[in-house]
Amino acid sequence: MTAAIDVSGLVKTYGERRVLDGLDLRVDQGSVFGFLGANGAGKTTTLRILLALARHSAGTVRVLGHEPADPRLRALLGYCPDVPGFPAWMTAREVMETCASLFRLPARATHRRTDELLELTGLAGVDSRVGGYSRGMRQRLGIAQALINTPRILFLDEPTSALDPLGRRVVLELLSELRGHTTVFFSTHLLPDVERVCDSVAIVDGGRVVAAGPLAQVRAAYGGVQGRLLVEVDDAQRLRAALTGLPWVAGVTDDLTPSTLALTVTDLDEATVRLPAEVTALGLRLRRLEPRDASLEDIFVGLTGAGR
Ligand SMILES: Nc1ncnc2c1ncn2[C@@H]1O[C@H](COP(=O)(O)OP(=O)(O)OP(=O)(O)O)[C@@H](O)[C@H]1O
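Position 8 of the sequence shown, counted from 1, bears residue number 8 in full-length UniProt numbering, the numbering being contiguous throughout.
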């Protein structure tokens, strides 16, 4: 099957500055794909190139098998920018009808699709003008308008960044519902969002993809590097002092309770064996030992040096 998105060796320079530096990317059709990177990593630039809003300096880019500027793509794509803007005096229905007219949808299809999408995005029955909408409502209308033409790929730039937790959940559930029908490509710096809804992920850093693939595969491939252990003992601070500096311990932080430590370890299996021995040697009592695979956050921090 043709990939939804296939990018190879993508380079974008601004003057002397190499903002994208040989970026490779493959997104399967029907997947919910998270394009993850810290601020300035190159996400928006990549998105703009995929949508033919910016030109690349080198490399190949195919969207549904076409060059981004191919006019055949126009009807096949939907896009919602990070801060969607609408005329303040319009209602959601008027926004949808205006967008439908750009695709020359017949009146019946416009009405049917508008009803469906306003229902899907929780805006059915909202008759007020867009100017009074909350950010979450605007974002949902942005997604609805981007779906009016039943696109094969929906592009979203940081769709949840400006939203409160409830607004984020609603938008993420909405993206999940599109799985299998529409390829969803969304850029974000929010790791929990990716963990919640994505099948596949690419982590971009310094204009390159540093890890990519199905979420489980990325976790397995890079999760072995660092895992986590939650450990509860009767004297956490003595254990903390003893563990600090050991070669298999990459970091120790206090956890939620005073008797619990969160350990970042270089090898989860080795640590699970060594830790009880350390606790016994100190004459402490082990109350809990809970190994955890590296989260996407551990992987992200390890690969991009975020927070360094
Ligand atoms: N028109 C431009 N001229 C010069 N530099 C630019 C231009 N657009 C973007 N950049 C630079 O390219 C780098 C990548 O920017 P980009 O917006 O793609 O990052 P991003 O991953 O989307 O981050 P953010 O979440 O902050 O938007 C940044 O360092 C940015 O300053």
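For glycine and all other residues, C-beta sits at the position ideal for the given N, C-alpha and C.
Is residue i helix, strand or coil by DSSP?
i           : result
ILE148      : coil
PRO258      : coil
PRO247      : coil
ASP24       : strand
THR253      : strand
LEU10       : strand
ASP205      : strand
VAL194      : helix
THR264      : strand
VAL225      : Only weak support exists for where VAL225 lies, its pLDDT of 49 falling under 50; the coordinates are left without a value.
VAL126      : coil
residue 309 : Only positions 1 to 308 of the chain appear in this structure, which leaves residue 309 out of reach.
Can you tell which of the options has the C-alpha that lies nearest to the C-alpha of residue i?
i           : options                           : result
GLY180      : LEU154, LEU191 and ASP205         : LEU154
GLY34       : GLY131, ASP193, GLY9 and ASP6     : ASP193
THR2        : THR45, GLY65 and ALA41            : GLY65
LEU263      : THR272, THR253 and GLU270         : THR253
THR160      : ARG152, ASN149 and ARG140         : ARG140
residue 315 : LEU73, ARG240 and ASN39           : With the chain covering 1 to 308 only, the question about residue 315 has no answer from this structure.
GLN237      : LEU246, LEU261, ARG228 and TRP248 : LEU261
ALA287      : THR266, PRO214 and THR257         : Note on residue identity: the sequence assigns Arg, not Ala, to residue 287. Minimum Cα distance to ARG287 is reached at THR257.
ASP234      : GLY283, CYS80, THR121 and ALA221  : GLY283
VAL209      : ARG219, ARG138 and LEU303         : LEU303
GLU116      : ALA92, ARG135, ALA4 and LEU246    : ALA92
GLY9        : HIS56, PRO276, LYS43 and ASP205   : HIS56
PRO247      : LEU268, ALA75 and ASP255          : LEU268
Taking 6 Å as the cut-off, is the CB of residue i close to at least one heavy atom of ligand 1?
i      : result
ALA41  : yes
THR45  : yes
VAL19  : yes
GLY125 : no
GLY283 : no
TYR14  : yes
GLY131 : no
GLY37  : yes
* To do: Jot down the residue ranges of each uninterrupted alpha helix (DSSP H) in the region 43-120, minimum 4 residues, whole runs only, in chain order.
  => Scanning the region 43-120 from its first residue to its last, the whole alpha helix (DSSP H) runs of 4-plus residues come out as 43-50, 92-102 and 107-120.
* **Whole runs of the beta strand (DSSP E) within the region 154-186, excluding any shorter than 3 residues** => With a minimum length of 3 residues, no continuous beta strand (DSSP E) run stays inside the region 154-186.
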